[in-house]
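Visitor: Here it is, the structure in full.
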Amino acid sequence: MSTHKFLFFILFFFFSFLSFAQQNQGFTVSGRVIEKSGQTVPYATVIIEKTDLSMISDENGNFTFKNVKPGKYTLKISAIGFAAVKKHIELSPNNSSVNLSIKLESELNELENVSVIGRSAVDKVNKQAYNVTAVDAKKLHNSTLDLAHALDRVSGVRFREAGGVGSRSELSINGFSGNQIKIFIDGVPMDNFGSSFQINNIPINLAERVEVYKGVVPIWLGGDALGGAVNIVTNNKPRTYVDASYSFGSFNTFKTAVNAGYTAKSGFTAEINAFQNYSDNNYWVNVEAQNLENNQYYKKTRVRRFHDNYHNETVIFNIGITGKKYADKLMVGFTAGQNKADIQTGARMVAVFGDRYRRGNTLMPALKYQVKDLFTKGLNVDVTGNFNFGYEQTVDTVNRRYNWFGQYTQRPGLGAEAERSLYKFKNNNGIATFNATYAIGERHSLLVNNTFSTFDRKGSDELYPESITYQQPQKLQKNILAAAYKFDYNQKWSTSLFLKNYDLSTTLTRSYNPSGNWGDVAYVELNDKSSHLGYGGASSFYLKQNLQLKASYEKTYRLPTSDEIFGDPNVNLQGNNDLKPESSNNINLGFSWQTSFNNVNALTLDVNGIYRNSTDFIRTEFNNNQNKTVTVNQGGVRTKGIDGEIRYSYKKRFTSGINMTYQDIRNMTKYELAQNFVSYYYKDRMPNIPYLFGNLDGTVFFNDVFKKGNNLSAGYNLLYVHSYYLYWPSSGTSNGKHDIPVQFKHDLNLVYTMANGKYNIALECQNLLDNELVDNFSLQKPSRAFYLKFRYFFNKSNK
C-alpha cells in the first residue's frame, strides 16, 4: 500500500468516526477521593451500583461519570487499606450534575495505606490492555543502578552486556533482543542518541518510571519494534527541585548525577540533567592464557582486565514554557555528551587488546511541543524533533599482540591489533515524531502517529586519505505511519485496533572489478525502497474488580537499522547489505489479580503467555573470522513462552516478589538456502539465548530509626539464569557442546534516609558470592563489587 493511499485511508477512518461526536449530553457525577487528613487517594475504585458504570480515580483522586441517566443511585468507593464508603445521590432535571468530596478512613489507625510497594504509582500503566510492566523508578533512586540493570529485574527481561560500566549491551524481552526492542525517552525513540547516551550509562534518577511493553506496542510509541519496547518516563510536572548524587566503589568506579528544574508562576521552565560515569573495569575474569616469557599455557587462570577504562559525561538542557493555553509544553533543548572506552576484547575473549579504543560524542538540539484541546476539545497534539551531529571513532594503530597478563609482542611495520584504523564518522541522523489523539465523547478515541528518521553517514580515515571506500554513500530513511481506534465500552472493557505502514529507503554501493585486473575496483550505486503493512489490536476486560484479563495481537515488521546494514566499527559489528526486514505474528494473553487480607497484607499475581511466529528473523552470529559479529536473517523462528510474577507486602514494613520466565525459541527454517535436505538445526533452540531465568527480591523497612523521619531499609536480590548453549545444540558431541553454565547473582543493599528523604546514604554489594557471570558469546561480567552512594533531594511542587 502506497503512503498516499494509506494517508487517504487514515483520513477517511478519522472523519468517519466524527459522527459519534454529537452525543446526547446526560447527567454528570464527579468527585474527589481524599483521606481524613485531606490528602488525595489515587486509584480508588468508584462504582455506581446496579449499573455497568465503574472507574478508577486518577492520580489526584478525581473521577467523572458522564451521560448518566436520571434516577436514584448508590456510589460505592473503595481503596486498598481504607474502609469502603457508600453515597446516595439523585439525578433529576433540577439536579443534573453532582460533585462530591468523598472522605475515606484507614481501616487501621497506624496505616496510611496498604499497597504493593512499587506498584501503586504505576497502577494506571499496568492496567492497559497491553502486556506491560511499569517499574517505579523512584523506589530505586537511592541505588547505584543504571536504567538497564533496573530492568534486569523485570519478568521476561534480560539485560545482556559485554562487560562492565559502559560496555556494549542490549535488552532482551521474551527472546527478542537488540534492535528488535525499541527504547524511548518520554515517547521519543533513542535510536540516534549516540554512544554517550545509552540505557546502560543513564542513572536511574533520571526516570520517574520505566514502562516495559512485551510484545505488542501501542502506536503512540512510534517505530518498528518487533518484540517489545521500553519507555523511560521522566517527571514532567512543573516543579522546582534538585536531585544530586555521588557514588564510588570497586574497580575505581565513580558516578555523579545532578537533575534540577525550575518553574516560575509565569510558566517559564528550565531543566538540566547532567551525569558522568567512570570506571577502570579492572575486575577479575577466568580465562585461558599463555605466558609470552616462558610460553607456558594456562588452561584456566584468574586475572584482572587491564585495558578497559570507560568514562562518559552528558548534559541535557531544556528551556521553554509550560502550562499555557497555546502550549502545555513548548521546550527547546540541547544534549551534549562525550565518551571514551578502551576495548579489552573482540567478539570473544580469546582476542585480547591492550591499546585499541573507541570514542564519540553527542551534539543534539531538540524541540518538544505538547498541547491539549487544540482547536477543539479532545484533540491533543504532541510533536518532537531532534538531530544528532555527533561523531564516532575507533582507534587501532598499534601493531602489537597482547595476552591476558598484559604482556605483548611488538610486530614489525605498520599494523594494528585488529584492523588498522582511525576511521571517524558522523551518522547525521535525526528523528521527528507526530502524535494526535482525538476523544469523541466518553467511549471513542482516535490516534494518529508518524515517526520519520533519517541517516546519512559521512566518514574519513586520515591513515587512508585517498581511499574512495569512505566516500561511498550510506543513507537510510524510515517512515512509520500508524492509526488506531479505541473503544471504551465501560470501565470493565476496553479495545483498541490499529494499522501501521512501514516505508524503508536505502542508498548504498557495491564494489566490483570492471577489468578483471588485480586491484581494479569500481562501485555501482544501489537504491532500494520497500513498504509493508502491519495491523493488530488489544483488549482488556475485568471479570471482577481485582481480576483483569488481557489479550493482544499484531502483524508487525522491523526494518533493518543503519548499523546492521552498513556496520559499526565501534562495536565490532560487520555490515550486511543483503539484510531483509523481519516480520512476526505476535500473540499475548495474560491476567492480573490483586487482593488484600487481614487489613495489612497485599498480594498481586501477574501471568502472561506469548506466541511469536517470525519470518526473516534477524539474529547475531560470528563472522567467518570470528573477530566480529554480523546480523543475518533466519528464515523462520517460533517462540512460545510464559512469564509471571508474584508480589507480597505487609503494611509498609516488608515487600517481596519472585518472577520467572520460560521461553521456547525454535529454529523453524527447515531448508537452508538452496539445500534439498532438512537442516541439521531444524527445530533446534536458538543459540546464545537464555530460555529460563528469574529474580527473587525482598526488602525490610524500619521507620523512625534514631530519629523521627529517618528510615532504614535492607534489601536482597537474586538473579537466576539457567544454563544454555552458545552454539546450535545439534553442533558438536554430547561431551563437546559449548554451553554457558547456570548462573546465580546475589545482591545486597542498605539504604538510610534522613529528614523524610532529603538526605540519603546507600551501601550495596553486587555479586556477593563472586560467582562467574557471563553473557553475549560468553563474555564475563564483573566480579564481586561494593558501592557507596550519597544523595540529596529537594522538591517544591508548583500548583
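Going by my numbering, the sequence shown opens with residue 44, and the numbers climb by one from there.
Just so it is clear, CB atoms sit at the ideal spot from N, CA and C, and this is done for glycine as well.
Keep in mind the model is a prediction, meaning the values are calculated, not measured.
Nearest to residue 272 by alpha carbon, out of 255, 286, 280?
Guide: Out of 255, 286, 280, 255 has the C-alpha closest to the C-alpha of residue 272.
Visitor: In the DSSP output, what is residue 595 paired with across the bridge?
Guide: 581, 631
Visitor: By Cβ distance below 7 Å, which residues in the same chain neighbour residue 386 in space, the five residues on each side in sequence not counted?
Guide: Cβ within range, chain order: 396, 399, 400, 401.
Visitor: Cutting at 6 Å between CB atoms, please list the residues of its own chain near residue 314, excluding the five before and the five after it.
Guide: 304, 361
Visitor: Which whole-angstrom value describes the C-beta separation of residue 516 and residue 568, a residue pair presumed to lie in contact below a C-beta threshold of 8 Å?
Guide: Right, their Cβ atoms sit about 7 Å apart.
Visitor: For residue 293, which option in 838, 831, 839 has the closest C-alpha, if you only look at C-alpha atoms?
Guide: 831
Visitor: Would a C-beta distance cut-off of 8 Å place residue 420 and residue 469 closer than the cut-off?
Guide: Pairing residue 420 with residue 469 gives a Cβ-Cβ distance that is not under 8 Å.
Visitor: Taking the DSSP output, what are the residues bridged to residue 362?
Guide: 313, 375
Visitor: Among residues of its own chain, excluding the 5 on either side of residue 266, which ones have a beta-carbon nearer than 7 Å to its beta-carbon?
Guide: 225, 232, 494, 523
Visitor: Do residue 202 and residue 270 count as a contact pair if the criterion is CB distance below 8 Å?
Guide: Result no, Cβ atoms of residue 270 and residue 202 do not sit closer than 8 Å.
Visitor: Please classify residue 724 as buried or exposed, where buried requires at least 16 neighbouring CB atoms within 10 angstroms.
Guide: buried
Visitor: Take residue 364 and list the residues in its own chain whose beta-carbon comes closer than 7 Å to its own, dropping the five residues that flank it on each side.
Guide: 310, 311, 312, 370, 373
Visitor: Can you look up residue 622 in the DSSP assignment and give me helix, strand or coil?
Guide: Annotated three-state conformation of residue 622 is coil, per DSSP.
Visitor: Excluding the 5 residues preceding and the 5 following residue 248 in the sequence, name in chain order all residues of the same chain whose CB lies nearer than 7 Å to its CB.
Guide: Beyond the five residues adjoining it in sequence on each side, residue 248 comes within less than 7 Å, by CB distance, of 184, 286, 288, 300, 302 in the same chain, given in chain order.
Visitor: Let me know the secondary structure DSSP gives residue 153 once reduced to three states.
Guide: With a pLDDT of 33 at residue 153, under the threshold of 50, the modelled position of this residue cannot be trusted, and the question is left open.
Visitor: On the premise that residue 236 lies in contact with residue 264, defined as a C-beta separation below 8 Å, what is that separation, rounded to the nearest angstrom?
Guide: Not a contact, Cβ separation roughly 16 Å.
Visitor: Is there a Cβ of chain D sitting closer than 8 Å to that of residue 280, yes or no?
Guide: Of the protein chains in this structure there is only one, and it is not chain D.
Visitor: Leaving aside the five residues before and after residue 336 along the sequence, list all residues of the same chain whose C-beta is less than 8 Å from its C-beta, in chain order.
Guide: 450
Visitor: Alpha carbon to alpha carbon, how far is residue 221 from residue 253? Give it in angstroms, no decimals.
Guide: Taking the straight line joining both Cα atoms gives about 18 Å.
Visitor: Where does residue 349 sit, in a helix, a strand or coil, going by DSSP?
Guide: coil
Visitor: Between residue 828 and residue 812, what straight-line distance do the alpha-carbon atoms span, to the nearest angstrom?
Guide: For the pair residue 828 and residue 812, the Cα-to-Cα distance works out to about 10 Å.
Visitor: Suppose you measure from the CA of residue 323 to the CA of residue 194; what does that come to, to the nearest Å?
Guide: 24 Å
Visitor: Measuring alpha carbon to alpha carbon, tell me which residue in 566, 578, 480 is nearest residue 514.
Guide: 566
Visitor: Count the other C-beta atoms from every protein chain shown that fall within 10 angstroms of the C-beta of residue 694, then say buried if there are 16 or more, exposed otherwise.
Guide: With 16 or more neighbouring CB atoms inside 10 Å of its own CB, residue 694 falls in the buried class.
Visitor: Is the CB-CB distance between residue 673 and residue 664 below 8 Å?
Guide: yes
Visitor: With a Cβ-Cβ cutoff of 8 Å, do residue 737 and residue 702 count as a contact?
Guide: yes
Visitor: Across the region 523 to 543 and the region 474 to 490, are there enough close Cβ pairs to call them in contact, namely three or more that are closer than 8 Å?
Guide: Look at the beta carbons and you see the region 523 to 543 touching the region 474 to 490: at least three pairs across the two are nearer than 8 Å.
Visitor: What residue range is occupied by the uninterrupted alpha helix (DSSP H) comprising residue 192?
Guide: 190 to 194
Visitor: Return the residue from the list 577, 804, 553 that minimises the CA-CA distance to residue 544.
Guide: 577
Visitor: State buried or exposed for residue 136, treating a residue as buried only when at least 16 other CB atoms are found within 10 Å of its CB.
Guide: exposed
Visitor: With which residues is residue 483 paired in a DSSP beta bridge?
Guide: Listed as beta-bridge partners of residue 483 by DSSP are 487.
Visitor: Might you give, ordered along the chain, the residues of its own chain that have their beta carbon closer than 6 Å to the beta carbon of residue 619, omitting 5 neighbours on each side?
Guide: 673, 674
Visitor: Per DSSP, which one or two residues make a beta bridge with residue 761?
Guide: BP columns for residue 761 point to 739, 789.
Visitor: What does residue 119 pair with, by DSSP beta-bridge criteria?
Guide: 90, 129
Visitor: Figure out for me which residue from 480, 474, 462 has the closest Cα to the Cα of residue 423.
Guide: 480
Visitor: Run the CB neighbour count on residue 472, radius 10 Å, all protein chains shown included, and call it buried at 16 or more, exposed below.
Guide: buried
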